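K.L.:
Going by the UniProt record's numbering, the first residue of the sequence shown is number 1, and it counts up by one from there. Glycine included, every Cβ here is placed at the ideal spot set by N, Cα and C. Fair warning: this is a prediction, and the values are worked out from it, not measured in the lab. Let me begin by handing over the structure; questions about it come next.
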Amino acid sequence: MTTSPARTPRVAICGRPNVGKSTLFNRLAGKRIALVADEPGVTRDRKEAWGELAGVKVQLIDTAGLEEAPPDTLPGRMRASTGTAVDEADLVLFVFDARAGLLPEDRHFAAWLRRAGKPVIVVANKAEGRGGSNAALEAYELGLGEPVAVSAEHNEGVSDLIDRIIEALPETDEAEDEDGERPMHLAIVGRPNAGKSTLMNRLLGEQRVITGPEPGLTRDAIAAELTDSAGRRYRLFDTAGLRRRARVEAGLEKLSTSSTIEALKFADTVVLAIDAHEGLHDQDFTIARLIEREGRACVIALTKWDLVEDRDRTRRAILERLEHSLSQMKGITLVPLSGETGEGVKKLLPAVREADRIWNTRVTTSALNRWFEGALERFPPPLVEGRRLKLRYITQVKARPPSFAVFGTRAELTPDSYQRYLVNSLRERFGLEGTPIRLALRGTKNPYADE
């Protein structure tokens, strides 16, 4: 498996913490992708987005704040991640806070960028008013060329910056290939510290997301593209861990939770990472129900498998609890793996493709009604208010997820227990294991009922 080759210029945005990098990233991307809050260290991972600047497509990279720190600390790992982004970039936007002026850290990292040998544009952000413009002039001393004064928050000077970016970008040979197929959108979700980021890094083959023992390291939905050995493309989203509401802190964590839910809405298939070493928690069930509610195909990744001693018992216990508590999870695929060692990871994407195939299933009306007649004969509909329901036919309304409508006299009164029977029978007959099934019941009015 390899990451997709860069077909568009890559523009990395870097600078010390809290200078407005994420605000500028969102402004250039044309949408809110990175979390933005008035506190240092909000961005912990690299986030990427496609942007179109004056008709030129670019890949924007928002990085963690540059800080001097030992490599085995969180700030140190953040800096290493930023260094990788700079190495991969075609152009670097070096952002500093014009209101605060140039600080020693700015000068230090400007020297680091000069040694990196990458094309750099110095961006004096928060340059509202005359004071900001004066600070921009001060930045000439960095030796990185003419600075650009902007206010990303108020959209001032951004058009001038875009012109400079276009001038500085390398020429590309050809536009991106159009193969008519978009990548599968794959979200990796789970509780904090369930091994999501380690798994994503293993899939991508690089330290793409900052990982460590501290829970809650990932705050945004981090996107990256992946191409597997068969040439199939994926758009991966590693999301912030979903916490119980009582533990969601103000502001930033609320934004992260909403970012995860948004990633689910736009996902095709979801990998639910469950820490096999710790076992199932109530929060795992909450997340699974959320996936079910959104109607997404799902594969369970049993992470940290290298730490599990009694593997057969652990796998069996997790599957039994899932299927007992979540009816729509019946037959779901479990993939035991270790993002740390790589054990079992190669089995994940084939399982994801199979889950996606099932999620896209369409069944012909004739095949459905042959099954439906047999299901009604084996277990006739119950009496409701002393009268038997007359369910007449079924049709598939849509796929993604498979959704069906049953029509008949007073069909809307069908008890939940009988609806579960129909869904379970549908799942077994047409191989719809592990995917949500939607069933709607539509009554057909008897014209003589009121006479």
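What are the residues that DSSP puts in a beta bridge with methionine 184?
P.N.:
Methionine 184 is bridged to Tyr234.
K.L.:
Which residues in the same chain as glycine 20 place their Cβ atom closer than 8 angstroms to its Cβ, once the five residues preceding and following it in sequence are excluded?
P.N.:
Within the same chain, glycine 20 has close Cβ partners Val95, Asp97, Asn125, Lys126, Ala152 and Glu153.
K.L.:
Just how far apart, CA to CA, sit threonine 227 and histidine 185?
P.N.:
One C-alpha to the other measures close to 12 angstroms.
K.L.:
Could you tell me which residues DSSP pairs with asparagine 125 in its beta bridges?
P.N.:
Paired residues: Asp97.
K.L.:
Identify every residue that forms a DSSP beta bridge with isoleucine 274.
P.N.:
Isoleucine 274 is bridged to Leu302.
K.L.:
Under a Cβ-count criterion, where at least 16 other Cβ atoms within 10 Å of its own Cβ denotes burial, should asparagine 201 be classed as buried or exposed?
P.N.:
Result: buried.
K.L.:
Give the secondary structure of phenylalanine 379 by DSSP, where H, G and I count as helix, E and B as strand, and everything else as coil.
P.N.:
Looking at phenylalanine 379 - three-state DSSP - the assignment turns out to be coil, as it is neither helix nor strand.
K.L.:
Who are valine 58's beta bridge partners in DSSP?
P.N.:
Note: valine 58 sits in a beta bridge opposite Gly51.
K.L.:
Taking Cβ to Cβ, would you say valine 120 is nearer than 9 angstroms to valine 92?
P.N.:
Taking 9 angstroms as the Cβ cut-off, valine 120 and valine 92 qualify as a contacting pair.
K.L.:
What residue range does the beta strand (DSSP E) around alanine 405 cover?
P.N.:
Run containing alanine 405: 403-409, per the beta strand (DSSP E) assignment.
K.L.:
Using three-state DSSP, classify valine 433 as helix, strand or coil.
P.N.:
The amino acid at residue 433 is misidentified as valine; the sequence shows glutamate. Glutamate 433 falls in the coil class under three-state DSSP.
K.L.:
Looking at proline 147 and valine 123, is the spacing between their C-beta atoms short of 9 angstroms?
P.N.:
Yes, the Cβ-Cβ distance between valine 123 and proline 147 is below 9 angstroms.
K.L.:
When the Cα atoms are used, what is the spatial distance from isoleucine 13 to alanine 49?
P.N.:
Roughly 12 angstroms separates the two Cα atoms.
K.L.:
Are at least three pairs of beta-carbons, each pair with one atom in the region 332-343 and one in the region 371-386, less than 8 angstroms apart?
P.N.:
These segments do not touch.
K.L.:
Could you tell me whether the region 404-412 touches the region 382-392, using the rule of 3 or more Cβ pairs below 8 angstroms?
P.N.:
A contact exists between the region 404-412 and the region 382-392.
K.L.:
Put arginine 10 into one of helix, strand or coil per three-state DSSP.
P.N.:
If DSSP states are grouped into helix, strand and coil, arginine 10 belongs with the strands.
K.L.:
Is isoleucine 165 near leucine 348, with beta carbons less than 9 angstroms apart?
P.N.:
For isoleucine 165 and leucine 348, no; Cβs fall outside 9 angstroms.
K.L.:
With H, G and I counted as helix, E and B as strand and the rest as coil, what does DSSP make of aspartate 284?
P.N.:
If DSSP states are grouped into helix, strand and coil, aspartate 284 belongs with the helices.
K.L.:
Just to confirm my understanding: we take isoleucine 287, look at its own chain, exclude 5 residues before and 5 after, and list those with CB closer than 8 angstroms. What are they?
P.N.:
So the qualifying residues of the chain are Val189, Gly190, Arg191, Leu242 and Leu272.
K.L.:
The beta strand (DSSP E) spanning arginine 438 covers which residue range?
P.N.:
Unbroken beta strand (DSSP E) run through arginine 438: 438-443.
K.L.:
With DSSP collapsed to three states, give me the class of arginine 392.
P.N.:
Here arginine 392 sits in strand by DSSP.
K.L.:
Rounded to whole angstroms, how far is the Cβ of arginine 315 from the Cβ of leucine 302, which I believe are closer than 8 angstroms?
P.N.:
Confirmed, about 7 angstroms.
K.L.:
Taking C-beta to C-beta, are proline 183 and arginine 235 nearer than 9 angstroms?
P.N.:
Yes, Cβ-Cβ distance for proline 183 and arginine 235 is below 9 angstroms.
K.L.:
Counting only runs that start and end within the region 305-341, where is the beta strand (DSSP E) found for 3 or more residues in a row?
P.N.:
334-336, all fully within the region 305-341.
K.L.:
Does the region 426-440 touch the region 349-364, meaning 3 or more C-beta pairs lie closer than 8 angstroms?
P.N.:
These segments touch.
K.L.:
In chain order, what residues of the same chain lie with their CB nearer than 7 angstroms to the CB of alanine 116, ignoring the 5 residues before and after it?
P.N.:
Result list for alanine 116: Val86, in chain order.
K.L.:
Quick one: is asparagine 193 buried, meaning 16 or more other Cβ sit within 10 Å of its Cβ, or exposed?
P.N.:
Under this definition asparagine 193 is a buried residue.
K.L.:
My assumption, with CB atoms under 8 angstroms, is that tryptophan 305 sits in contact with glutamate 343. Please give the rounded CB distance.
P.N.:
Correct: roughly 6 angstroms between the Cβ atoms.
K.L.:
Please identify the residue among Lys346, Leu290, Cys298 and His281 whose C-alpha is closest to the C-alpha of alanine 317.
P.N.:
Of the listed residues, the one whose Cα sits closest to alanine 317 is His281.
K.L.:
Assuming contact is defined by CB atoms lying nearer than 9 angstroms, are leucine 60 and phenylalanine 25 in contact in what I supplied?
P.N.:
Going by C-beta atoms, leucine 60 is nearer than 9 angstroms to phenylalanine 25.
K.L.:
Return yes when the Cβ of valine 150 is within less than 9 angstroms of the Cβ of aspartate 160, no when it is not.
P.N.:
For aspartate 160 and valine 150, yes; Cβs fall inside 9 angstroms.
K.L.:
Use the C-beta contact count for leucine 137: other C-beta atoms within 10 angstroms, 16 or more gives buried, fewer gives exposed.
P.N.:
With fewer than 16 other Cβ atoms within 10 Å, it is exposed.
K.L.:
Just verifying my parser: in three-state terms, what is the DSSP assignment at glutamate 343?
P.N.:
Correct three-state label for glutamate 343: coil.
K.L.:
Please determine, among Pro380, Ser425 and Ala440, the residue with the shortest C-alpha to C-alpha distance to glutamine 396.
P.N.:
The option with the nearest alpha carbon to glutamine 396 is Ala440.
K.L.:
Can you check whether the CB of valine 406 is closer than 9 angstroms to the CB of threonine 414?
P.N.:
In this structure, valine 406 lies closer than 9 angstroms to threonine 414 by Cβ.
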